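Okay, structure first, notes after.
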Amino acid sequence: MVQKTIATVVAPLISHVHAKLILFDLEKA
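Quick look at the structure:
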């Protein structure tokens, strides 16, 4: 139960950071 909640909170955070990294790479290239 707790793990599911953590996953629900962490998943959007990871995708947000991932998108920022992709944008950073595009700007750097």
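Numbering of the sequence shown is given in our numbering, commencing with residue 35 and proceeding in unit increments. Even for Gly, the Cβ is constructed at its ideal location relative to N, Cα and C. Treat the numbers as computed from the prediction; the structure is a model and nothing was measured.
> If you drop the 5 nearest sequence neighbours on each side, which residues of the same chain put their C-beta closer than 7 Å to that of A45?
Replying inline: Working through the sequence shown from its first residue, we reach residue 45 at position 11. Answer for A45: no residue qualifies.
>> Just verifying my parser: in three-state terms, what is the DSSP assignment at A53?
In response: The sequence position of residue 53 within the sequence shown is 19, counting from 1. Three-state DSSP puts A53 in a helix.
>> So, with DSSP's three-state summary, where would you put A63?
In response: Reading the sequence shown from its first residue, position 29 is the one you call residue 63. It is coil, neither helix nor strand.
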